[in-house]
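Chemist:
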Amino acid sequence: MSSRVLVQLPTLVSPVCDGSPSRHNSLFDYESITLDGLRNGSRLVSFGTLCGNVGMINTLRGLGERFLSLGYSTPFLGISSAYMYPTLKTAKAAVDALAKEIAKNGLPAPITPLTFVFTGNGRASLGAQEIFKLLPHEFVKPSDLPTLAHRWHQPDKGNARFKVYGCVVEEEDMVARRHDADERKQQHGDAAKASTSWTTNTFDRREYHAHPELYVPTFHERIAPFANVIINATYWDRRYPRLLTNRQAQALLGDQRNARESHQTTPGSLAGTHGLLAVSDISCDIDGSVQFLSRTSTIDRPFYVYDAFRHHAHDGVDGEGVLMMGIEQLASELPRESTRSFSSALLNFAADLAFSDGTKPFEQQSRELPTSLSGACIAAHNELTPNYKYIERMRRELARSKVRPAATLDNTDAVSTTILLQGHLFDTGLINRALDKVELYNGSFDIRECMVRPNMPAQHLKSTSSAVVVLEAPSRSDLDALLADLRNLVRDTPAAEATITELESFD
857 MSSRVLVQLP TLVSPVCDGS PSRHNSLFDY ESITLDGLRN GSRLVSFGTL
907 CGNVGMINTL RGLGERFLSL GYSTPFLGIS SAYMYPTLKT AKAAVDALAK
957 EIAKNGLPAP ITPLTFVFTG NGRASLGAQE IFKLLPHEFV KPSDLPTLAH
1007 RWHQPDKGNA RFKVYGCVVE EEDMVARRHD ADERKQQHGD AAKASTSWTT
1057 NTFDRREYHA HPELYVPTFH ERIAPFANVI INATYWDRRY PRLLTNRQAQ
1107 ALLGDQRNAR ESHQTTPGSL AGTHGLLAVS DISCDIDGSV QFLSRTSTID
1157 RPFYVYDAFR HHAHDGVDGE GVLMMGIEQL ASELPRESTR SFSSALLNFA
1207 ADLAFSDGTK PFEQQSRELP TSLSGACIAA HNELTPNYKY IERMRRELAR
1257 SKVRPAATLD NTDAVSTTIL LQGHLFDTGL INRALDKVEL YNGSFDIREC
1307 MVRPNMPAQH LKSTSSAVVV LEAPSRSDLD ALLADLRNLV RDTPAAEATI
1357 TELESFD
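In my numbering, the protein residues as written are 857 to 1363.
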C-alpha cells in the first residue's frame, strides 16, 4: 500500500466501520493483494507497467516541445501524449517512426549525447524502459556517465547523434553510507566534483531499509550532473534521503548555467549542452523524492517548468528551468489496456471473492480465502480485521495531531525536529505514550508517515512499524528535554524493540 494511502487509510475505512448499513461488507485493498499476502510482497494487481509506458510516451512529447522552445527542431515533435492514441500499439508505432527518424537523420548535435536516467527496476521503471528501448539506444553503467557526458564537446561526436543513451540506477547509486561520505569529504574536500570515484561506498540494502538514517544522499553528485532526463519511478517515504532537493537542484542547475555561459567543459559540471532538461516523476510524490515536484500536472496540461533560482513553477514548456511532469492518473490515458490488464489480474481472484461467505466470522472466512486475499482484507463485519486493528489507534492519533497547543501557536521561539520511531509501536502502545509525552511538554506533533507491516513473516517482525513524526516544542530546551524523555521511554519499553532517531534534514 502506498504511503499516501496508508496516511489516508483511517479516513477511507470510516464508512465501512462506522456507518455501513450491512454488517456483511468486506473491504479489500487491491494494492495489498500480494504474493503470499505479505506486506511489501510482490504485488499481483497493479498498473505499474502501464504507468511507465504512458509516462515515457508523454516524456518524449514533452522533450519535443521543450527542445523547440530552446530553438531545436527534433523528431520528438512527432510524438503526442499517450491519451491521443487509440491504443498502446498505435502509440508504439509512433515511437517506432521516431526511432527510424533518429537512426536515419540523427538529432541536432548540440543536444547530444542525450542521456535518460531511470531510477529503480520496478514495474513502472521497466514500463518506461520498454518504450525507451524502441528507440536506437545504448545503456551505460552509472560509472560510465561522466565519460559519456563529455562527448558533447567532441567535433564529430561519433554516432551519439543517431541514438539515445540510458542508465538505470539503483539505491546503491543514490546514497552512500555516512561513514563513506565523510571519508570522501576528508580526502577531496567539500567541493569534490561529481566525477570523483565512490570506490569506498559499502552499500548494504538490508541495512539501508532498516536504518536509512545511516545513509546520506549522493544522487545529486554522482548521477544528476550527467543526466538530461530523469525518469523517477522508485518508492520513497520520509525515512529516506530525497533523490533531489530544491537546494541541490539550484546548485546543480547553477553550475550547468555557469558552464554554458562561460563555454567551459569542466568535468562534473555539464551533461550535454543543456544539462538537466526534464524530470518525469512517474511515482508522482508531491514534495517527495524529487522535492521540487511541487504540484501535480494534468492529462490535458501535462507539463510545467520549475525555475530553481526563483523557486517558481509555471505551466507550459517555455522559460528557464526544468520541464516537470507528475500525473497521478497515468494509466487512465490508455483505458483499454488498463482495463484489460487490471481486470485480467483481478479475475484470478474473482471466484474466491464471489464464493466467499461474508456471513461467517472473519477468522473462518479468511481461512477459506487465498492468503493473497485474506492479507488484503482491511475490514469485515463493520470491524477492522486483526492485521489492521492498528488503524483505530492511527485514527485517534491523527486526530490529535491536528490540534496545536497555545504554547506553540504564534510563538517565534518554537523549534521543531523530525524523528523516526521504529518497532512494535501499536501493539505495545508505545506510539500513544510517546505522543502523550509531547503533549506534556506543551508540544505539538504531525505524523508525516506511518508504515505498518502487520502481516510480515516472523523473521521480519523487528521492523513491524515505523512512524516519521515532526515534533514542535515551545523552546529549544523544551525540545531537548522532550527528546531525552522519549529516548528513556523507548529504553523502558523493551517489548517494543524500538529505536528512536532524530532525522537529518537534506532539504
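In this text, a Cβ means the ideal position worked out from N, Cα and C, and glycines have one as well.
Being a predicted model, the structure only gives us computed values, none of them experimental.
When you compare the CB positions of Y1297 and A1270, do they come within less than 7 Å of one another, or not?
Modeler: no
Chemist: Assess, as a yes-or-no matter, whether the stretch 883–895 is touched by the stretch 1093–1106 under the definition of 3 or more beta carbon pairs within less than 8 Å.
Modeler: no
Chemist: Please classify S981: is it buried, with 16 or more other beta-carbons within 10 angstroms of its beta-carbon, or exposed?
Modeler: buried
Chemist: Which runs of the alpha helix (DSSP H), 4 residues or longer, sit entirely within the stretch 1194–1263?
Modeler: 1218–1224, 1227–1230, 1246–1257
Chemist: Is the beta carbon of I967 closer than 7 Å to that of P992?
Modeler: Taking a C-beta distance under 7 Å as the contact criterion, P992 and I967 do not qualify as a contact pair.
Chemist: If you pair each beta-carbon of the stretch 1129–1142 with each one of the stretch 1177–1196, do three or more pairs fall below 8 Å?
Modeler: yes
Chemist: Classify P942: buried if its beta carbon has 16 or more other beta carbons within 10 angstroms, exposed otherwise.
Modeler: exposed
Chemist: Note down, in chain order, each residue of its chain lying with its Cβ closer than 6 Å to the Cβ of A1352, except the 5 sequence neighbours on either side.
Modeler: G1279, H1280, T1284, L1286
Chemist: What's the C-alpha gap between Q1220 and L1202?
Modeler: 23 Å
Chemist: Can you check whether the CB of V1024 is closer than 7 Å to the CB of L970?
Modeler: Going by C-beta atoms, L970 is not nearer than 7 Å to V1024.
Chemist: Is the Cβ-Cβ distance between K1080 and L1108 less than 7 Å?
Modeler: The amino acid at residue 1080 is misidentified as Lys; the sequence shows Ala. Yes.
Chemist: Using 7 Å as the threshold, is the C-beta distance between F974 and Q985 below it?
Modeler: yes
Chemist: By how many angstroms is the C-alpha of S898 removed from the C-alpha of H1067?
Modeler: 22 Å
Chemist: If you compare alpha carbons, which of F903, L883, F884 is closest to P1191?
Modeler: Selection F903, L883, F884 evaluated against P1191 yields F903 as nearest (Cα-Cα).
Chemist: Confirm, please, whether the CB-CB distance from G983 to T905 is below 7 Å.
Modeler: Yes, Cβ-Cβ distance for T905 and G983 is below 7 Å.
Chemist: Pick out whichever of E1077, R1062, M940, E921 has its Cα sitting closest to the Cα of P1002.
Modeler: The candidate whose alpha carbon is nearest that of P1002 is E1077.
Chemist: Tell me whether the beta-carbon of I1356 lies closer than 7 Å to the beta-carbon of I1275.
Modeler: yes
Chemist: Would you kindly check if the distance between the Cβ of H880 and the Cβ of T1379 is under 7 Å?
Modeler: Only positions 857 to 1363 of the chain appear in this structure, which leaves residue 1379 out of reach.
Chemist: Quick check on D1269: does DSSP put it in helix, strand or coil?
Modeler: coil
Chemist: Since N1288 contacts R1249 with CB under 8 Å, what's their CB separation in whole angstroms?
Modeler: Contact flag correct, Cβ pair sits at about 6 Å.
Chemist: Buried or exposed: where does G920 fall if 16 or more other Cβ atoms within 10 Å of its Cβ makes it buried?
Modeler: Buried: at least 16 other Cβ atoms inside 10 Å.
Chemist: For Q1106 and H1170, I'd like the C-alpha separation in whole angstroms.
Modeler: 17 Å
Chemist: Report the three-state DSSP secondary structure of L1338 (helix, strand or coil).
Modeler: helix
Chemist: Taking only three categories from DSSP, how would you classify E1360?
Modeler: coil
Chemist: Tell me the rounded alpha-carbon separation between N1088 and M1307.
Modeler: 22 Å
Chemist: Quick one: which unbroken beta strand (DSSP E) runs of 3-plus residues sit fully inside the stretch 1285–1309? Chain order, please.
Modeler: 1300–1308
Chemist: Is it buried or exposed, F1075, if we count other Cβ atoms within 10 angstroms and call 16 or more buried?
Modeler: With 16 or more Cβ atoms within 10 Å of its Cβ, F1075 is classed as buried.
Chemist: Is D1156 buried or exposed, if buried means 16 or more other CB atoms sit within 10 Å of its CB?
Modeler: exposed
Chemist: Do L1001 and the ligand ATP come close, with the Cβ less than 6 Å from some heavy atom?
Modeler: For the structure depicted, the ligand ATP is absent and the ligand set is empty, with no information on it obtainable.
Chemist: Taking just the CA atoms, how far does L1291 sit from P1350?
Modeler: In this model, P1350 and L1291 are separated by some 18 Å (Cα to Cα).
Chemist: Between which two residues does the alpha helix (DSSP H) harbouring P1002 extend?
Modeler: 1001–1005
Chemist: Going along the chain, which residues of its own chain have a beta-carbon closer than 6 Å to the beta-carbon of V1346, five neighbours each way excluded?
Modeler: A1354, I1356
Chemist: Using CA coordinates, which residue listed in D1302, K997, G908 is at the minimum distance from V1324?
Modeler: For V1324, the nearest C-alpha among the options comes from D1302.
Chemist: Just to confirm before moving on: does the CB-CB distance between A1235 and F1218 stay below 7 Å?
Modeler: A1235 is not a Cβ neighbour of F1218, given a cutoff of 7 Å.
Chemist: Given this structure, state the Cα-to-Cα distance separating I1247 from L1149, to the nearest angstrom.
Modeler: 29 Å
Chemist: Considering only DSSP beta bridges, list what Q1376 is partnered with.
Modeler: There is simply no residue 1376 to check, as the chain begins at 857 and stops at 1363 in what is shown.
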